[in-house]
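The structure under discussion appears below in the form of structure tokens.
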DNA sequence: TTCGAATTTATTGTTATCAATTTATATATT
DNA sequence: AATATATAAATTGATAACAATAAATTCGAA
């Protein structure tokens, strides 16, 4: 009762709690609920999640290694804020690497992963039709992650996953808030079809065009409010 | 006097101590003194370096994020051991990315970085001539790191640096111990010259050939002894 | 008011102790 | 001798108290 670590009952392994902190912060960033330079004090988070500071620190460490937050010595973690220059470089790097991943993946997809990819595309389409934008954002992310998973070169696939997440964060920061666009219904489907057809070059072109479309829609002038952590993270 | 944290005098900020632990373990791995699966208990390291376990843990965390060691829950950190398959994928990914970095860097090198690169090449040549293999290994690593630094796309440059380190570790693990080869005097020089000439395509080709030469010289059968940490890390 | 210094508060860093888990060792059993 | 089991040692994980640093606030002077 006396400390933040006296669990109330529902609890779980600290491992899972750490993952939960990581996920909810990541989620909040991707859905534009947490924006650049928002501070994330350890004590605040440990109270919100009712865990020890140690757990919070590990979660923040993971978030930092994924470029979601930035850690500075003796200072609170803050949500990362990639500038316009870094964002352009992120997109350029991702185009180059995702295109190569498409070439290597085309024709190398087994039935199970093919079905998984088609399922994501369908769910994404559905979420868009229903106007559930938060879901659509995560499904869009998952689509690209699934493709990266299918890349036979696992090293390249992992690098690509990092870039997918980082560009998604940049998009969340710079697209005008709540904007339903940044989505063309046919983009993901045509990438997937080219892959299934075994046409790596066409898939690579489609992926690059898709990324160009996204990058064009960013507005680097968009700058933002400050918010209350608890209301966002516990929601 | 009673604890490992009562410094004996020379000491320094924990920040520097952490960096020192990181560097010496990294050094030992690159020079084949520490090999795959060697365990690195926190208490052992904290005694060797006369620091708190917390510092050791942070250092191990950095080593893990650089793929130099692997962390498993409730188990000691161990030196990473990329298998033949992962090593091949590392080389393939590095070839693709380093080639692109060469294309982007060619013709974009200012005088100061050019001089720095030429200096490394000269030092490397000297170290090879004198037979100081440990120095040569680090200078070879630094040569590629300098090129990666010069890449105008910093995101791509950072990804490349990660791959350079990981491939170097794989080389350390799989080249026959003490082998003086894995070095062709002209390789680095011809890459540098192509870059200075502004011929990105030639630089990319030279880099790929260089990597192919290295990869061809690996022996995946090489497997190794167990050793005493203190004698290696304090030396 | 506005700027700057001093003070207080908030926050992270460090360290020690105890608990939980894994690894190593010894013992018994077939 | 080989294998399984129990025991002990080594090792990491969790927690709490304290120290050091940064951020926010107050208060005074221009």
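Protein chains in written order, with my numbering: chain A, 1 to 235; chain B, 236 to 470. Glycine residues also receive a C-beta, built at the ideal position from the N, C-alpha and C atoms.
Chain B contact residues for residue i, given Cβ-Cβ distances below 8 Å
| i | result |
| --- | --- |
| residue 154/A | 321 and 324 |
| residue 61/A | 296 |
Partners in chain B for residue i, counting only beta-carbon separations shorter than 7 Å
| i | result |
| --- | --- |
| residue 92/A | 388 |
Buried versus exposed, by CB contacts within 10 Å (16 or more), residue i
| i | result |
| --- | --- |
| residue 73/A | exposed |
| residue 153/A | buried |
| residue 220/A | exposed |
| residue 43/A | exposed |
| residue 293/B | buried |
| residue 23/A | exposed |
| residue 82/A | buried |
| residue 33/A | buried |
| residue 397/B | buried |
| residue 335/B | buried |
| residue 248/B | exposed |
| residue 366/B | exposed |
| residue 200/A | buried |
| residue 107/A | exposed |
| residue 261/B | buried |
| residue 80/A | buried |
| residue 15/A | exposed |
| residue 357/B | exposed |
| residue 87/A | buried |
| residue 231/A | exposed |
Per-residue DSSP class, three states only, for residue i
| i | result |
| --- | --- |
| residue 314/B | strand |
| residue 274/B | strand |
| residue 247/A | In the structure as shown, chain A starts at 1 and stops at 235, and residue 247/A therefore has no counterpart that could be examined. |
| residue 296/B | helix |
| residue 468/B | helix |
| residue 355/B | helix |
| residue 182/A | coil |
| residue 132/A | coil |
| residue 285/B | coil |
| residue 267/B | coil |
| residue 319/B | helix |
| residue 151/A | coil |
| residue 175/A | coil |
| residue 213/A | helix |
| residue 435/B | helix |
| residue 341/B | coil |
| residue 238/B | Interpretation of residue 238/B is limited by its pLDDT of 34, a score under 50 that renders its predicted location unreliable; the figure taken from the coordinates is listed afterwards. Looking at residue 238/B - three-state DSSP - the assignment turns out to be coil, as it is neither helix nor strand. |
| residue 392/B | helix |
| residue 259/B | helix |
| residue 218/A | coil |
| residue 13/A | coil |
Neighbourhood of residue i by C-beta distance below 7 Å, restricted to the same chain and skipping five residues each side
| i | result |
| --- | --- |
| residue 17/A | 49, 51 and 55 |
| residue 402/B | 325, 326 and 329 |
| residue 432/B | none |
| residue 369/B | 266 |
| residue 355/B | 374, 377, 378 and 381 |
| residue 276/B | 311 |
| residue 349/B | 431 |
| residue 62/A | 22 |
Neighbourhood of residue i by C-beta, 8 Å cutoff - its chain only, sequence neighbours within 5 removed
| i | result |
| --- | --- |
| residue 185/A | 125 and 128 |
| residue 191/A | 102, 147, 203, 206, 207 and 210 |
| residue 372/B | 265, 266, 403 and 407 |
| residue 204/B | For chain B, the structure presents residues 236 to 470; residue 204/B sits outside this window and is missing. |
Listed by chain order, chain A residues near residue i by CB distance under 8 Å
| i | result |
| --- | --- |
| residue 491/B | Outside the modelled stretch of chain B, which goes from 236 to 470, sits residue 491/B, for which no answer is possible. |
Beta-ladder partner(s) of residue i, from DSSP
| i | result |
| --- | --- |
| residue 305/B | 313/B |
Under 9 Å by beta carbon: chain A residues contacting residue i
| i | result |
| --- | --- |
| residue 372/B | Near residue 372/B there are no residues of chain A at all, since even the closest Cβ is about 22 Å away, more than 9 Å. |
| residue 404/B | By Cβ distance, chain A contributes nothing, its closest Cβ being about 13 Å from residue 404/B, past 9 Å. |
| residue 394/B | 93, 97, 159, 162 and 163 |
7 Å Cβ cut-off: residues of chain A touching residue i
| i | result |
| --- | --- |
| residue 331/B | 100 |
Own chain, CB closer than 6 Å to residue i, minus 5 neighbours either side, in chain order
| i | result |
| --- | --- |
| residue 194/A | 202, 203 and 206 |
| residue 1/A | Its pLDDT being 32, under 50, residue 1/A is placed unreliably by the model, and the measurement read from it follows with that caveat. Result list for residue 1/A: empty, nothing under 6 Å. |
| residue 481/B | Residue coverage of chain B in this structure runs from 236 to 470, which leaves residue 481/B outside it and unanswerable. |
| residue 149/A | none |
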